[in-house]
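S.K.:
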Amino acid sequence: MSIERAREAEVATEAWFVALDVDGTIMHEDGTIDEAVAEAVAGAVERGHLVTLATGRSWSTTRPVIEALGLAPEYVVCANGAITMRRDDTASDGYVREHVETFDPTAVLERIRTFLPSGKFMVELADGYRLYTEGMTEWNLENAREVVFDELLDQRATRVVVTSLEHGLDEFFDIVDQMGLHHVSYAIGWTAWLDIAPDGVNKATALERVRGWLGVDADRVFAAGDGRNDLEMFAWAGSAGRAVAMGQAPEEVRAAAGEVTGPVAEAGLATALDSLP
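For the sequence shown, the numbering used here assigns the number 2 to the initial residue and increments by one for each residue that follows.
1. Taking its Cβ as the centre, do 16 or more other Cβ atoms sit within 10 Å of Leu-270, making it buried, or is it exposed?
2. Looking at Phe-235: is its Cβ nearer than 9 Å to the Cβ of Gly-263?
3. By DSSP, does Arg-58 sit in helix, in strand, or in coil?
4. Looking at the secondary structure, which residues open and close the beta strand (DSSP E) in which Val-97 lies?
5. How far does the beta strand (DSSP E) with Val-1 in it reach, from first residue to last?
6. Would you call the CB atoms of Leu-274 and Gly-44 closer than 9 Å?
7. State the DSSP-derived secondary structure class of Glu-5, mapped to helix, strand or coil.
8. Taking only the alpha-carbon atoms, compute the straight-line gap between Leu-166 and Gly-120 and give it to the nearest angstrom.
9. For a test of the three-state rule: what should DSSP assign to Val-162, helix, strand or coil?
10. What's the gap between the Cα of Ile-197 and the Cα of Ala-55?
11. Using the Cα positions of Met-2 and Gly-25, report the straight-line distance between them to the nearest angstrom.
12. Helix, strand or coil: which one does DSSP assign to Ile-113?
13. For Leu-309, which option in Glu-143, Val-149, Cys-79, Glu-75 has the closest C-alpha, if you only look at C-alpha atoms?
14. Quick one: does the C-beta of Gln-249 sit closer than 8 Å to a heavy atom of the ligand NAP?
15. Would you mind stating whether Gly-242 and Ala-225 have Cβ atoms separated by less than 9 Å?
16. Which same chain residues end up closer than 6 Å to Ala-268 when comparing Cβ atoms and leaving out the 5 residues on each side of it in sequence?
17. Which residues in the same chain as Ser-240 place their Cβ atom closer than 8 Å to its Cβ, once the five residues preceding and following it in sequence are excluded?
18. Please tell me whether Thr-159 and Ala-80 are closer than 9 Å, where the distance is taken between their beta carbons.
19. Which value, in whole angstroms, describes the spacing of the CA atoms of Ile-67 and Ala-73?
20. In chain order, what residues of the same chain lie with their CB nearer than 7 Å to the CB of Arg-98, ignoring the 5 residues before and after it?
21. I'd like the ranges of any beta strand (DSSP E) spanning at least 3 consecutive residues and lying wholly in the region 171–255.
22. Could you work out which residue in Asp-227, Glu-252, Glu-253 is closest to Val-245 when comparing CA atoms only?
23. Between Glu-47 and the rest of its own chain, which residues show a CB-CB distance below 6 Å, the 5 nearest in sequence each way excluded?
24. Thinking His-100 and Arg-210 are a contact (beta carbons under 8 Å), I'd like their distance in whole angstroms, please.
25. Rounded to the nearest angstrom, what separates Ala-20 and Ala-41 at their Cα positions?
26. Output needed for Ala-257: all residues of its chain with C-beta closer than 6 Å, excluding positions within five of it in sequence on either side, in chain order.
27. Let's see if you can read the secondary structure: which residues bound the alpha helix (DSSP H) around Leu-270?
28. So what does Tyr-76 bridge to, in DSSP terms?
29. With distances taken between CB atoms, is the gap from Met-123 to Arg-112 smaller than 9 Å?
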């Protein structure tokens, strides 16, 4: 092996695969990113680490975050693991869908509606187009169309979002427990909204697939997040690598991580990233 090849192999061995949640981890609720966090992300990339995003967001709302951070990762995990994008410079937006998981949301939508008759619903299709019911006003609704509830049925979806603005979080938890949802993966957000993915699909399943594609050892993975949809990702990363929860995360989320950094309000992610070699 040449000296150059040996050095390349050494860099690849030392690089960490870094998976970052977006909302509440990188980004504040108002959509801003602290300069210290942006600098820490750039610094990790400069040191040779493979930094990407693993988010519940759709690709259309994830891409602006990548651009804001100046990132160009080989792969990006969206829709809580249902969609993995691959960089392709020939594509119009620089990425193509490398792996997509879908399911028929009919049964779960009908069951949820019996418990939340006034709930608001959104279904994201495999190509990123979204169908939503009246009142889904708090979401980015570009590349989307308002429909009546029945038009959400019999689709191939990557993701279903359900909101119920009249319920507090604790009450919403109780209602979701009563639903007895099966054959889907789901997470509950900070407020009363439910994010549903295909059965067995989450950030961890997608990230493990990407780790294999990149050829990074399991003890060189680092994941940071703040939500209940990060629990599986923490178990995946923490089994051999590092799992870091944001300081403002719910207790169960902090307990699931091996480490806790400062809250997003204090740019806690920057501290965690700067600890990487």
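Idealized CB from N, CA, C, for every residue including glycine.
M.R.: Answer, in terms of the structure:
1. Classified as buried, Leu-270 has 16 or more neighbouring CB atoms from the shown chains inside 10 Å of its CB.
2. For Phe-235 and Gly-263, no; Cβs fall outside 9 Å.
3. Secondary structure at Arg-58: coil, using DSSP grouped into helix, strand and coil.
4. From DSSP, the beta strand (DSSP E) with Val-97 extends over 96–101.
5. Nothing can be reported for residue 1, as the shown portion of the chain is limited to 2 through 278.
6. Result yes, Cβ atoms of Leu-274 and Gly-44 sit closer than 9 Å.
7. With a pLDDT of 38 at Glu-5, under the threshold of 50, the modelled position of this residue cannot be trusted, and the question is left open.
8. In this structure, the CA atom of Leu-166 is about 8 Å from the CA atom of Gly-120.
9. Under the three-state reduction of DSSP output, Val-162 falls in the strand class.
10. In this structure, the straight-line span from the alpha carbon of Ile-197 to that of Ala-55 is close to 16 Å.
11. Its pLDDT being 35, under 50, Met-2 is placed unreliably in this model, and the value from its coordinates should be taken loosely. The straight-line gap from Cα to Cα measures roughly 45 Å.
12. Helix at Ile-113.
13. Coverage of the chain is limited to positions 2 through 278, which leaves residue 309 absent and any answer about it impossible.
14. The ligand content of the structure shown is nil, which means the ligand NAP is not present either.
15. For the 9 Å CB-CB criterion, Gly-242 and Ala-225 do not form a contact.
16. If we look at Ala-268 and ignore the five residues flanking it on each side, its Cβ neighbours are Asp-35, Ala-37, Val-38.
17. The residues are Ala-219.
18. For Thr-159 and Ala-80, yes; Cβs fall inside 9 Å.
19. Cα-Cα distance, rounded: 7 Å.
20. Cβ within range, chain order: Ile-84, Met-86.
21. Scanning the region 171–255 for uninterrupted beta strand (DSSP E) segments of 3 residues or longer gives 185–189, 194–199, 222–226, 243–246, listed from N- to C-terminal end.
22. For Val-245, the nearest C-alpha among the options comes from Asp-227.
23. Closer than 6 Å at the Cβ level, and outside the excluded window around Glu-47, lies no residue.
24. His-100 to Arg-210, Cβ: 7 Å. Contact.
25. For Ala-20 and Ala-41, the distance between alpha carbons rounds to 14 Å.
26. Within the same chain, Cβ atoms closer than 6 Å to the Cβ of Ala-257 are found at Leu-232, Phe-235, the five residues on either side in sequence being excluded.
27. Segment 269–275, the alpha helix (DSSP H) holding Leu-270.
28. Looking at the DSSP assignment, Tyr-76 forms a beta bridge with Arg-87.
29. No, the pair does not count as a contact, with Cβ atoms beyond the cut-off.
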